[in-house]
Amino acid sequence: MSETKKFMYVNRRAPYGTVYALESLEVVLIGAAFEQNVCLAFLDDGVYQITKGQDTKSVGMKNFSPTYNALGDYDVNQIYVEKESLEARGLTLDDLLDLKYEDEDDDWAEKDSIRVVSKKELADLMDEQDVIFSF
Amino acid sequence: MKLSILVSEGPYTHQASDSAYRFTKAALDKGHEIFRVFFYHDGVNNGTRFTVPPQDDRNLQKLWSELAEQHNLDMVVCIAAAQRRGIMDENEAKRQGIDGNNIAPGFRISGLGQLIEAGIQADRLVTFGD
Chain A
774 MSETKKFMYV NRRAPYGTVY ALESLEVVLI GAAFEQNVCL AFLDDGVYQI TKGQDTKSVG
834 MKNFSPTYNA LGDYDVNQIY VEKESLEARG LTLDDLLDLK YEDEDDDWAE KDSIRVVSKK
894 ELADLMDEQD VIFSF
Chain B
100 MKLSILVSEG PYTHQASDSA YRFTKAALDK GHEIFRVFFY HDGVNNGTRF TVPPQDDRNL
160 QKLWSELAEQ HNLDMVVCIA AAQRRGIMDE NEAKRQGIDG NNIAPGFRIS GLGQLIEAGI
220 QADRLVTFGD
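These protein sequences, in sequence, are chains A and B. Numbering of the first sequence is given in the working numbering, commencing with residue 774 and proceeding in unit increments. Numbering of the second sequence is given in the working numbering, commencing with residue 100 and proceeding in unit increments.
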């Protein structure tokens, strides 16, 4: 499989009310092995998936949010968060996990994976994709 | 056109599986190629032969199984999602020490790589979910 396609994973739901967020992350991790051009988008309640300080003890579910920190090591480093979704929920970039990656084209400098984009910019990004998984 | 189908919901609770079935059938009737139908999330529940809906209603599992047989469809149930929801084939049941299996004819259990491959190989991947 030499063909490279642009894949976008669209995450729209809160992390623990349904299993979609966890199972989306499982696809991202498996998909990373296929060396495609991958990006993630977080919008609507999906922005809660990558908030800091998640504590799931009282609901008896596994807190899988630390796994997002590993995405940079899997070369998954284009993570778009919709500005309007953050604002509607009173969230800012400071409320989100500090997701980083090491840029091999820039002497392995550590860089931010998350980019906050407007609804319009996100729509344009979606338009560029070959495959969109919406979870 | 070469299409891949992703079914993300189980039968009956949501319309997703009905729509996916009708879309897949229509695409095949029009002469399109279906590279793979992949069942994920609760979609794996389409692949148990233990569903017994009332006789005056459609049986989605049977419809999928028949479509697979008629068109030699590749229908894949995600193994991780299937394990969470108790969908087993003979090998998997043996491996997990479970005393039976329920995979329906025409379905096979495999990994998520099959979904990524379906996205790479097809001209379009069409998702049916909630």
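Glycine included, each C-beta is placed from N, C-alpha and C at the ideal position. Please read these numbers as outputs of a predicted model, since none were measured by experiment.
Per DSSP, the bridge partner or partners of residue i
{"i": "ASN884 of chain A", "result": "It should be pointed out that residue 884 of chain A corresponds to Lys in this sequence rather than to Asn. LYS884 of chain A pairs with A:TYR874."}
{"i": "ILE852 of chain A", "result": "A:LEU813, A:ILE887"}
{"i": "SER209 of chain B", "result": "B:CYS177"}
{"i": "ILE133 of chain B", "result": "B:LEU102"}
{"i": "ASN784 of chain A", "result": "A:PHE815"}
{"i": "LYS779 of chain A", "result": "A:ASN810"}
{"i": "LEU224 of chain B", "result": "B:SER103"}
{"i": "ILE202 of chain B", "result": "B:THR147"}
{"i": "THR824 of chain A", "result": "A:LEU869"}
{"i": "ARG138 of chain B", "result": "A small fix is needed here, since residue 138 of chain B is Phe in this sequence, not Arg. In DSSP, PHE138 of chain B forms a bridge with B:VAL106, B:VAL176."}
{"i": "ILE905 of chain A", "result": "A:MET781"}
Buried versus exposed, by CB contacts within 10 Å (16 or more), residue i
{"i": "GLY109 of chain B", "result": "buried"}
{"i": "MET781 of chain A", "result": "buried"}
{"i": "GLY833 of chain A", "result": "exposed"}
{"i": "PHE62 of chain B", "result": "Coverage of chain B is limited to positions 100 through 229, which leaves residue 62 of chain B absent and any answer about it impossible."}
{"i": "THR123 of chain B", "result": "buried"}
{"i": "GLU168 of chain B", "result": "exposed"}
{"i": "VAL783 of chain A", "result": "buried"}
{"i": "SER831 of chain A", "result": "exposed"}
{"i": "GLU796 of chain A", "result": "buried"}
{"i": "ALA843 of chain A", "result": "exposed"}
{"i": "LYS856 of chain A", "result": "buried"}
{"i": "SER891 of chain A", "result": "exposed"}
{"i": "GLN195 of chain B", "result": "exposed"}
{"i": "ASP814 of chain A", "result": "Here residue 814 of chain A turns out to be Ala, not Asp, going by the sequence shown. Classification of ALA814 of chain A: buried, given that the 10 Å Cβ count is 16 or more."}
{"i": "THR829 of chain A", "result": "exposed"}
{"i": "PHE149 of chain B", "result": "exposed"}
{"i": "ARG121 of chain B", "result": "exposed"}
{"i": "ARG157 of chain B", "result": "exposed"}
{"i": "ILE197 of chain B", "result": "exposed"}
{"i": "THR777 of chain A", "result": "exposed"}
{"i": "GLN154 of chain B", "result": "exposed"}
Closer than 7 Å at the beta carbon, the chain A residues around residue i
{"i": "LEU224 of chain B", "result": "VAL904"}
Contact list for residue i against chain B, beta-carbon separation under 9 Å
{"i": "PHE780 of chain A", "result": "ILE215, GLY218, ILE219"}
Amino acids of chain B, ordered along the chain, whose beta-carbon sits closer than 7 Å to that of residue i
{"i": "GLY793 of chain A", "result": "Before going on, a small fix: residue 793 of chain A reads as Tyr here, not Gly. What TYR793 of chain A touches in chain B: HIS140."}
{"i": "GLU776 of chain A", "result": "ILE219"}
Listed by chain order, chain A residues near residue i by CB distance under 8 Å
{"i": "GLY210 of chain B", "result": "ILE803"}
Proximal chain A residues relative to residue i, where beta-carbon distance stays under 9 Å
{"i": "GLY228 of chain B", "result": "TYR793, SER907, PHE908"}
**Item:** Selection of the segment 795 to 814 of chain A by Cβ proximity to chain B, strictly under 8 Å
**Value:** For the segment 795 to 814 of chain A, which is checked against every Cβ of chain B, the residues closer than 8 Å are GLU796, GLU799, VAL800, ILE803, GLY804, ALA806, PHE807, GLN809.
**Item:** Three CB pairs or more closer than 8 Å across the segment 174 to 185 of chain B and the segment 139 to 146 of chain B
**Value:** Yes, they touch.
**Request:** Determine contact between the segment 154 to 167 of chain B and the segment 202 to 213 of chain B, defined as no fewer than three beta-carbon pairs at a distance below 8 Å.
**Result:** Touching, yes.
**Asked** Do the segment 832 to 846 of chain A and the segment 862 to 874 of chain A make contact, defined as three or more Cβ pairs closer than 8 Å?
**Response** Cβ pair count under 8 Å is three or more, so yes.
**Asked** Which of the residues in the segment 857 to 875 of chain A, read from start to end, lie with their CB under 7 Å from any CB of chain B?
**Response** The segment 857 to 875 of chain A vs chain B, Cβ under 7 Å: nothing.
**Prompt:** Looking at chain A, which residues of the segment 163 to 179 of chain B have a Cβ within less than 8 Å of any of its Cβ atoms?
**Reply:** If the cut-off is 8 Å between Cβ atoms, the segment 163 to 179 of chain B has ALA179 near chain A.
**Request:** May I ask you to verify whether the segment 119 to 131 of chain B touches the segment 898 to 908 of chain A, counting CB pairs closer than 8 Å and requiring at least 3?
**Result:** With the cut-off at 8 Å, the segment 119 to 131 of chain B and the segment 898 to 908 of chain A do not touch.
**Prompt:** Do three or more CB pairs link the segment 132 to 140 of chain B to the segment 817 to 824 of chain A at distances below 8 Å?
**Reply:** Judged by Cβ distances under 8 Å, the segment 132 to 140 of chain B makes no contact with the segment 817 to 824 of chain A, as fewer than three pairs qualify.
**Item:** contact_flag[the segment 839 to 856 of chain A, the segment 805 to 815 of chain A] where n(CB pairs < 8 Å) is 3 or more
**Value:** Per the Cβ contact rule, the segment 839 to 856 of chain A is in contact with the segment 805 to 815 of chain A (3 or more Cβ pairs under 8 Å).
**Prompt:** Can you find at least 3 beta carbon pairs, one from the segment 180 to 200 of chain B and one from the segment 214 to 221 of chain B, that sit closer than 8 Å?
**Reply:** Touching, no, given that fewer than three Cβ pairs across the two stretches are closer than 8 Å.
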